[in-house]
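Protein chains in written order, with our numbering: chain C, 1 to 83; chain R, 1 to 405.
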């Protein structure tokens, strides 16, 4: 795993932990809707926090395709122009 | 495995509300009596959740116009304007809307929802960018989805975040189209439109303002927030609806942009649906004339809005940030919102329940909307019912309400 990947993962997990009301085990396999119970707007709001921290914009069609935290990592990696 | 199994969770929630005996999402009135009164389960009910801002649904001139046009031209057009032809009334209404807004062009849609679908799906094309306020109405999100543009959302009412998103797109090919609303329908808050206009100018973007809840409500002549904020020249497109202040159904877009009329053969939500019936068109024209000729309606509406907002705020209810005809009380939970709503209805007051994901920040809202047709006494009566239920449920404090004045 590259340094950038590790950083992106930290950003995702930290942001999500701050947004969740109860603690949860987080991994790349975590399903955002099924495991964490976020609704469509909550998912977009959580992605917005990440957009701020990484200074990038994630288009809505990309967000719609994201199911797991691993999917999100892939999208962010693509937008960051990494790997 | 059934076709509708994917809705199991939603269905379970709905069944739970239905089992409680009063479901805010499934109310059928036995009768409408006036713009502010109806009947529900055998009892009179005061209507405080209709979006009937100017109260024109029973206006004699509006009603007579609908009747006369229906008698003269029939109940429906039975087809689309592109395939089956426009009536004089469609053109007449477009001319009057353009005149009201001081714009060169107007296009009428069959609903306000379709106006947003129709405009947002075509204004930004495949290589363009749509940038939406995060709290945008579902019709804006759906219009964005129907088109081919890249869509991003910015933090609600944040010119700074809009600026950041346009900065990130700097140098990216394609036009940038910003979409905001005049008054947001959930909390009744307005957009900082002057600041948005500045950001728009800075980056050379286009600006669409949805005035669905602000037409007839804001501005010196009732044109909406763009007029009130003095930035109409920067609002390249105004979208709105006939189903609130104009007491009917339908939607529109006005603009000065060169070549506007080509959209009539480009936008599918305009082309592939039946046009508005003559009675609706005639009623809308009469309502628009009333909106223009009777500014006292707007004054009464805003007096009522301030009375309700200040009354509820004075009782200790947590409300949206500013007094507008949409007045939403923030409830501690969806369950409390349902219970509060049901008790108000039992007492004879009809309001709305709004829940996430339709609401921002996961809020459960008990939403009211006032009308110019409400008397001050009706608004006081409503405040009294809120007070009684609020104290009973412990949502506001137990101390007596201070005497007015």
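Glycine is no exception: its CB is placed at the ideal position from the N, C-alpha and C atoms.
Only a predicted model underlies this, so the values are computations on that prediction, with no experimental measurement involved.
Give the interface partners of residue i over in chain R, defined as CB-CB distance under 9 Å, in chain order.
i	result
residue 16 of chain C	Going along chain R, no residue has its Cβ under 9 Å from residue 16 of chain C, so there is no contact; the nearest lies around 15 Å.
Give me the chain C residues within the contact set of residue i, using Cβ-Cβ distance strictly less than 8 Å, ordered along the chain.
i	result
residue 165 of chain R	57
residue 177 of chain R	Those do not exist, as residue 177 of chain R stays about 14 Å from chain C at its closest Cβ, beyond 8 Å.
residue 367 of chain R	Residues of chain C passing the Cβ test: none, with the nearest at roughly 17 Å.
residue 151 of chain R	59, 60, 61
residue 168 of chain R	55, 56, 57
Going by C-alpha to C-alpha distance, which of the options sits closest to residue i?
i	options	result
residue 406 of chain R	R/381, R/350, R/271, R/292	With chain R covering only 1 through 405, there is no way to say anything about residue 406 of chain R.
residue 412 of chain R	R/5, R/83, R/347	In the structure as shown, chain R starts at 1 and stops at 405, and residue 412 of chain R therefore has no counterpart that could be examined.
residue 361 of chain R	C/46, C/58, C/55, C/67	C/46
residue 121 of chain R	R/141, R/287, R/313	R/141
residue 182 of chain R	R/191, R/176, R/175, R/174	R/191
residue 38 of chain C	R/364, R/366, R/356, R/369	R/356
residue 234 of chain R	R/241, R/225, R/186, R/242	R/225
residue 10 of chain C	C/34, C/78, C/72	C/72
residue 96 of chain R	R/286, R/386, R/345, R/330	R/286
residue 206 of chain R	R/232, R/34, R/308	R/232
residue 61 of chain R	R/367, R/291, R/384	R/291
residue 345 of chain R	R/227, R/37, R/81	R/37
residue 178 of chain R	R/187, R/305, R/136	R/136
residue 107 of chain R	R/374, R/397, R/260, R/305	R/260
residue 69 of chain R	R/276, R/336, R/133	R/276
Chain R partners of residue i, CB-CB under 8 Å?
i	result
residue 40 of chain C	357
residue 34 of chain C	Here the premise fails: no neighbours, minimum Cβ distance about 10 Å.
Please classify residue i as buried or exposed, where buried requires at least 16 other C-beta atoms within 10 Å of its C-beta.
i	result
residue 406 of chain R	Because chain R is modelled from 1 through 405, residue 406 of chain R falls outside the range shown and cannot be assessed.
residue 8 of chain C	buried
residue 405 of chain R	Confidence at residue 405 of chain R is low in this model, with a pLDDT of 42, below 50, so its placement is unreliable and no value can be given for it.
residue 105 of chain R	buried
residue 322 of chain R	exposed
residue 213 of chain R	buried
residue 78 of chain R	exposed
residue 376 of chain R	exposed
residue 67 of chain C	exposed
residue 27 of chain C	exposed
residue 83 of chain C	Confidence at residue 83 of chain C is low in this model, with a pLDDT of 39, below 50, so the placement of that residue should be treated as unreliable; the coordinate-derived value is given next. Exposed, because fewer than 16 other Cβ atoms sit within 10 Å of the Cβ of residue 83 of chain C.
residue 159 of chain R	buried
residue 217 of chain R	buried
residue 65 of chain C	exposed
residue 33 of chain R	exposed
residue 51 of chain R	buried
residue 227 of chain R	buried
residue 172 of chain R	exposed
residue 16 of chain R	exposed
residue 244 of chain R	buried
Any idea what DSSP makes of residue i, helix, strand or coil?
i	result
residue 175 of chain R	coil
residue 156 of chain R	coil
residue 170 of chain R	coil
residue 130 of chain R	strand
residue 212 of chain R	coil
residue 47 of chain R	strand
residue 67 of chain C	coil
residue 77 of chain R	coil
residue 18 of chain R	helix
residue 3 of chain R	coil
residue 258 of chain R	coil
residue 75 of chain C	helix
residue 186 of chain R	coil
residue 240 of chain R	strand
residue 137 of chain R	coil
residue 53 of chain C	helix
residue 32 of chain C	coil
residue 290 of chain R	helix
residue 121 of chain R	helix
residue 317 of chain R	coil
residue 387 of chain R	helix
residue 375 of chain R	coil
residue 393 of chain R	coil
Starting from residue i, find everything on chain C with Cβ-Cβ shorter than 7 Å and list it in chain order.
i	result
residue 362 of chain R	42
residue 122 of chain R	By Cβ distance, chain C contributes nothing, its closest Cβ being about 18 Å from residue 122 of chain R, past 7 Å.
residue 155 of chain R	48
Would you say the beta carbon of residue i comes nearer than 7 Å to a heavy atom of the ligand ZN?
i	result
residue 134 of chain R	Inclusion of the ligand ZN in the displayed structure is not the case, the ligand content being empty and no account of it being possible.
query = Can you list, in chain order, the residues of the region 195–211 of chain R whose Cβ is nearer than 7 Å to any Cβ on chain C?
reply = none
Against chain C, which members of the region 122–140 of chain R pass a CB distance test of less than 8 Å? 134
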